[in-house]
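S.K.: Residue numbers (my numbering), protein chains in the order written: chain A, 1 to 223; chain B, 1001 to 1223; chain C, 2001 to 2223; chain D, 3001 to 3223; chain E, 4001 to 4223; chain F, 5001 to 5223.
Glycine included, every Cβ here is placed at the ideal spot set by N, Cα and C.
Note that the coordinates shown come from a computational prediction; the quantities given were computed from them, not determined experimentally.
6 protein chains.
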Amino acid sequence: MAMVGRSLLLLLVTLAAGHGVVVVAFDPNPLQDFCVADPTSKVRVNGLPCKDPAAVTADDFFFSGVDAPGRGATASRRYGFTAVSVDIPGLNTLGASAARVDVAPGGVFPPHYHPRASETAVVLAGAVYFGFVTSYPDSRVVAKVLRRGDVFAVPQGLVHFLHNNGSEPAALYASLSSQNPGLVLVADALLAAPLPVDLVAKTLLTDEATVDKIRANFIVHRS
Amino acid sequence: MAMVGRSLLLLLVTLAAGHGVVVVAFDPNPLQDFCVADPTSKVRVNGLPCKDPAAVTADDFFFSGVDAPGRGATASRRYGFTAVSVDIPGLNTLGASAARVDVAPGGVFPPHYHPRASETAVVLAGAVYFGFVTSYPDSRVVAKVLRRGDVFAVPQGLVHFLHNNGSEPAALYASLSSQNPGLVLVADALLAAPLPVDLVAKTLLTDEATVDKIRANFIVHRS
Amino acid sequence: MAMVGRSLLLLLVTLAAGHGVVVVAFDPNPLQDFCVADPTSKVRVNGLPCKDPAAVTADDFFFSGVDAPGRGATASRRYGFTAVSVDIPGLNTLGASAARVDVAPGGVFPPHYHPRASETAVVLAGAVYFGFVTSYPDSRVVAKVLRRGDVFAVPQGLVHFLHNNGSEPAALYASLSSQNPGLVLVADALLAAPLPVDLVAKTLLTDEATVDKIRANFIVHRS
Amino acid sequence: MAMVGRSLLLLLVTLAAGHGVVVVAFDPNPLQDFCVADPTSKVRVNGLPCKDPAAVTADDFFFSGVDAPGRGATASRRYGFTAVSVDIPGLNTLGASAARVDVAPGGVFPPHYHPRASETAVVLAGAVYFGFVTSYPDSRVVAKVLRRGDVFAVPQGLVHFLHNNGSEPAALYASLSSQNPGLVLVADALLAAPLPVDLVAKTLLTDEATVDKIRANFIVHRS
Amino acid sequence: MAMVGRSLLLLLVTLAAGHGVVVVAFDPNPLQDFCVADPTSKVRVNGLPCKDPAAVTADDFFFSGVDAPGRGATASRRYGFTAVSVDIPGLNTLGASAARVDVAPGGVFPPHYHPRASETAVVLAGAVYFGFVTSYPDSRVVAKVLRRGDVFAVPQGLVHFLHNNGSEPAALYASLSSQNPGLVLVADALLAAPLPVDLVAKTLLTDEATVDKIRANFIVHRS
Amino acid sequence: MAMVGRSLLLLLVTLAAGHGVVVVAFDPNPLQDFCVADPTSKVRVNGLPCKDPAAVTADDFFFSGVDAPGRGATASRRYGFTAVSVDIPGLNTLGASAARVDVAPGGVFPPHYHPRASETAVVLAGAVYFGFVTSYPDSRVVAKVLRRGDVFAVPQGLVHFLHNNGSEPAALYASLSSQNPGLVLVADALLAAPLPVDLVAKTLLTDEATVDKIRANFIVHRS
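(1) Who does Cys1050 of chain B pair with in a DSSP beta bridge?
(2) So, helix, strand or coil for Val1022 of chain B, using DSSP?
(3) Under 7 Å between beta-carbons, which chain A residues line up against Asp2027 of chain C? List them in chain order, please.
(4) Would you mind telling me which residues of chain C sit closer than 9 Å to Arg1071 of chain B, beta carbon to beta carbon, in chain order?
(5) Would you be able to state if there are at least three C-beta pairs under 8 Å between the region 4083-4093 of chain E and the region 4140-4150 of chain E?
(6) Relative to the C-alpha of Leu4183 of chain E, which residue among E:Val4141, E:Val4086, E:Ala4117 is closest?
(7) For Pro1049 of chain B and chain F, any beta-carbon pair shorter than 7 Å?
(8) Note down, in chain order, each residue of its chain lying with its Cβ closer than 8 Å to the Cβ of Val2186 of chain C, except the 5 sequence neighbours on either side.
(9) Quick one, which residues of the region 5092-5121 of chain F are near chain D if we go by CB-CB under 9 Å, in chain order?
(10) Ile5148 of chain F touches chain E at which residues, Cβ-Cβ below 9 Å?
(11) With DSSP run on the structure shown, which of helix, strand or coil describes Asp1087 of chain B?
(12) Can you tell me whether Lys2213 of chain C is buried or exposed? The criterion is at least 16 other CB atoms within 10 Å of its CB, across all chains shown.
(13) Taking buried to mean at least 16 other C-beta atoms within 10 Å of its own C-beta, is Thr4120 of chain E buried or exposed?
(14) Taking all protein chains shown into account, decide if Gly5207 of chain F is buried (16 or more other Cβ within 10 angstroms of its Cβ) or exposed.
(15) As a quick exercise: from C:Asp2198, C:Pro2069, C:Ala2104, pick the residue whose alpha carbon is nearest that of Pro2169 of chain C.
(16) Does DSSP put Ala2099 of chain C in a helix, in a strand, or in coil?
(17) Could you tell me the alpha carbon to alpha carbon distance between Arg4078 of chain E and Gly4106 of chain E, rounded to whole angstroms?
(18) Closer than 7 Å by beta-carbon distance: list the chain B residues that pair up with Val3045 of chain D, in chain order.
(19) From Phe81 of chain A to Thr210 of chain A, what distance separates their C-alpha atoms?
(20) Return the residues of the region 5124-5139 of chain F that lie within a Cβ-Cβ distance of less than 8 Å from chain B, sorted by chain order.
(21) Using a beta-carbon distance cut-off of less than 9 Å, what residues from the region 4167-4192 of chain E approach chain C?
(22) Taking 7 Å as the CB-CB cut-off, is Asn164 of chain A touching chain F?
(23) To the nearest angstrom, how far is the alpha carbon of Phe5034 of chain F from that of Gly47 of chain A?
(24) Specify the secondary structure class of Glu2208 of chain C as computed by DSSP and reduced to three states.
(25) For Lys3985 of chain E, count the other beta carbons within 10 Å of its own beta carbon; 16 or more makes it buried, fewer makes it exposed. Which is it?
(26) Could you tell me which of A:Asn217, A:Leu205, A:Ala216, A:Val220 sits nearest to Val5108 of chain F, measuring between CA atoms?
(27) Are any of the Cβ atoms in chain C nearer than 7 Å to that of Phe3161 of chain D?
(28) Which residue's Cα is closest to the Cα of Ala68 of chain A: A:Pro181, A:Gln32, A:Phe62, A:Ala171?
(29) Mind listing, in chain order, the continuous beta strand (DSSP E) runs of no fewer than 3 residues lying wholly within the region 5127-5210 of chain F?
(30) Using beta-carbon positions only, say whether Pro3030 of chain D and Gln2156 of chain C come within less than 7 Å of one another.
(31) Should Val3142 of chain D be flagged as near chain C, meaning a C-beta pair shorter than 7 Å?
(32) Measure the C-alpha to C-alpha separation of Pro1053 of chain B and Val1036 of chain B and round it to an integer number of angstroms.
(33) Within the chosen definition, does the region 3132-3146 of chain D reach the region 4191-4199 of chain E through at least 3 CB pairs nearer than 8 Å?
(34) Spell out whether any CB of chain A is found under 7 Å from the CB atom of Val956 of chain B.
(35) Drop a sphere of 10 angstroms on the beta-carbon of Ala4055 of chain E, count the other beta-carbons inside from all chains shown, and report buried for 16 or more, exposed for fewer.
(36) Thinking C-beta only, is Phe5132 of chain F closer than 7 Å to Val5154 of chain F?
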């Protein structure tokens, strides 16, 4: 991935790769009141193993910090957004996760999707052009300018995006229908992943020189 | 149900009984990009039938009005809370719904549960004592005072509550893991539902006179 | 919870908190012929880890004792019911559990629900008034007097109850659609859980003195 | 199918092919309190369409008649068993169904399976040899003699059977984890279905004359 | 099971009893990008534990060898078929598996079903009579002669079969909707499983001598 | 979408937008033996309504034509691939679909994903570089050169691709874990969807002139 992802989006990493504590939906049903993720377990299963229920406290269902923007690193500042993942171990097995996203004036949360979740997001401040792209072959754009107090829904797995065209910072709170929805930034998957340059050029219906020129702004992962 | 539910909680009604447009999770997976609820269909199925995809617009995924408290009726004013359900027809088949809840100083959103969803809620303003009760036989209270920017998670089907002990109005945005989570106010289920008075007295380990006295403040539904 | 739950309902405890061996429905699908719960495992996952399939015998799918009432403790005798949970380790991953319930003449199995299951119950002996309460805002009572050989179904997560108005002991066999449906006694969740008295009073639309009077008959859990 | 199935097992037919009101388990989750099957609907979906919720009564969740054996027709009398399906329209979307089965002394409920459900069964009267066969390649028999009050569990989709070796009639109540578990009698699938005789002979590792001899006791369906 | 299964079908064994890496369908959803089965784990759960994601390589999602028939042992040569299971550890949690099946001229893959999956199969070479039997009470045969490039679908849990009536070897590639669909050969379940001979005779509506004669060609498992 | 998608990929359209008869995995479980899609129904639900079971024939589970490449239109010839979707109405509710894909020497099936399915694919002829990209932030490429008889698995929702580097035409048969997996070509979602050019430029970390130059080779959908 480009410098963008590697450095500045680190907050999102804890969300996407973390304790399964982010947001999501359509997960398998729970088989007990709760199965709070145990960060010390070395067992790996679908989802996460649980800590001893007797040791569970209210803090296992709690997260603080959605009232302020996340501190982004260099890369996501380039895109102009930051994200704070809601890290709640108790969401393991509960089929949900959440995050706060801030987009600076002129910034974008570039087109991305969640492989395992639908999403709803509410605007906390500012205004933003928000929408999704339908699947092949239509590739329709279903989008609106949202303002404070507006909510928009994104179907499972569809590409969606945020663009702050205004002069005020925008903030949103997003809920996802899986404890670990996953995140794929589509430009990253094409240009920062270590794909052969000829494959990328054929994909973009362009020449390799143009691909190299664009990729110069991304930090291409080593294969 | 008591006057509480009948008159003032009407906003919640559209949520719980409406177009399946509230919040939720663990619903069956979708089988197409979207299946926007068709309010004109006379067919009744698990969930809701879809409108013609060609007629779908961004407004089908959009709701406006979470930036202000709902206008509550007499009854929920008695409890001191109002609710605005996020009415988005496009949430049909997407396994999610949402609502804004406001609780006045001294008010409560009394103990309730959602038969078909887990919930996460973020505090938008004010402070509130928020928590859930574990299932039998423990009946533990897992709760905290939440402030602006705090998030709390409630496992599927467990009783939870809000109590605004402070002097500021409190506002929350709640996400649920089903398109139609359902709502059961436990006091209502015991005291406003047309259950025989002797059954209620035995349930509360008290006498029928005490039940009648308490029920006088509820509007008991006709059987 | 009140003395009721703590002492006399202990049989139910093994059902609700035990080896996931009670009844249930809508659980995740199994991924092998069987995954018999291993009581010696220290690994905690959604559901229960499995014992070595080579060590599985018919006894892992077997339970004896539904032909007689359970021996209840002091508390549930006060309500007038006892319960025997069907403890079958082989039900792990199979999405089902079961229990026998006996209700003495004049007794009740007070309003309760299962957060993770629907239920069907058949009357083995006697007669009983059995039904459920629909969700908010209707709070309809859907109920009937059942006699020997009658079956009644309860939707997932709805409050339901048994009341033996007759002069004969009543016995039922209940099937649930989850290996661990969970049990919430709604009076317990309100009155035996260590909730603040002012919250309970506001919930019951009454004063704190009345709450204290009612709670005197429950054994309130320590917070 | 043989005369067995066609005539005497007709009660089971209503269960397996009926209003989806029979058995149970692992079905999609419900999206409303209930979706009572509407017998008059001409719409066909996965499961069954619902009747108007306002027209729903307690009788939609009720079935009477599990206290006595079903009246079997000629064919199942040959096997020595009868079955009564629990026909409850309200079980649509609830992931469960049930049936009473009676087996005469010397009779069998021959090896069968449910393509869409696990099963638990409790013995109401008599004694019976009950068990299941594990899948390929082990084909283990996991079985026990059950008596009154005993419960046995059968994993999803595995072949199971009842054999009444005793001198008393046996009666059981079976719960299944799907609203429409389906029923496949394995001897029927091999010998009563209109399969080519050479295929059946190769399957049974025998000659066509032996197949014809055995099939003479079945009523082979017309292709 | 008969000599057939024990010796010659051993390839299928690794499929049905192996690392959960064979077939597929309707399994619980994944909660991370992948959970590659860890063959060294001693933990047993629903499905299989995962290896360290950092150690995952492309080989974990790869299988080679579907371009040639499997080498069958004595027993399945008697039936005239061989099978190669697609052993991909990365299919754990992905709800799918696959196998190549070859049927010699005159051979059969005898009637069988998968307790946890639906199936689609494409003919790679030759021709074959392929179909399934509907459930009780219809027992309809839904079948066709398939040729190279034809695809046929089999609903979850229904009995299906292959019969190569032609003079050319037939080869198919089958996809299943579970990581571990399971396999039940119905003749095996009746005749190779250690069921009491009187139960089998009653099931086949024949006498015990005929059962013994047929069973002589199977290798009956020891109980 | 570009001319590519509009004209030449039309075969894929029937797959992605057709009778729900294409691909597969993790769909809701079936509630009857089968629910064959009824092309004449005007009712729209999650998935598709069923035709009368009495009218179902073997042809409803059958598709012919996977033995030859599909005839592609202008656009997909530019990418160098064609696709044939396996159009089987009986796959409705069965959680599966399939397609044949051919890639000419030098051609690609450009990076894409299925929002609702995992995939396995077997190589029928030729050789192809096949793999997937893991989700954010790793964006690892997990890929191999596959040859005839090789199988590769792709987790649900991840971006994957085919590149025929060789001199022989390549052909694959792909199975998906949903009846309607959906298809998103990521370059299309970025460049052919009617997104504002400034949003696309910011997404690609490039200038609008470069975006316009690349888009000239796509047929941008009208908004």
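M.R.: So, to answer that:
(1) B:Ala1037
(2) Note that Val1022 of chain B scores 20 on pLDDT, short of 50, meaning its location in the model is unreliable and no value can be drawn from it.
(3) Asn29, Leu31
(4) Going along chain C, no residue has its Cβ under 9 Å from Arg1071 of chain B, so there is no contact; the nearest lies around 17 Å.
(5) no
(6) E:Ala4117
(7) yes
(8) Pro2110, Pro2111, His2112, Tyr2113, Val2159
(9) Asn5092, Thr5093
(10) Rather than Ile, the amino acid found at residue 5148 of chain F in this sequence is Arg. The answer, in chain order, is Val4066, Asp4067.
(11) coil
(12) exposed
(13) buried
(14) Here residue 5207 of chain F turns out to be Asp, not Gly, going by the sequence shown. Exposed, because fewer than 16 other Cβ atoms sit within 10 Å of the Cβ of Asp5207 of chain F.
(15) C:Ala2104
(16) strand
(17) 11 Å
(18) Val1045
(19) 26 Å
(20) none
(21) Ser4178, Gln4179, Asn4180, Gly4182
(22) no
(23) 32 Å
(24) helix
(25) Because chain E is modelled from 4001 through 4223, residue 3985 of chain E falls outside the range shown and cannot be assessed.
(26) A:Leu205
(27) no
(28) A:Ala171
(29) 5127-5133, 5141-5147, 5150-5154, 5159-5163, 5170-5176
(30) yes
(31) yes
(32) 8 Å
(33) yes
(34) No statement about residue 956 of chain B is possible, as the shown extent of chain B runs from 1001 to 1223 and does not include it.
(35) exposed
(36) yes
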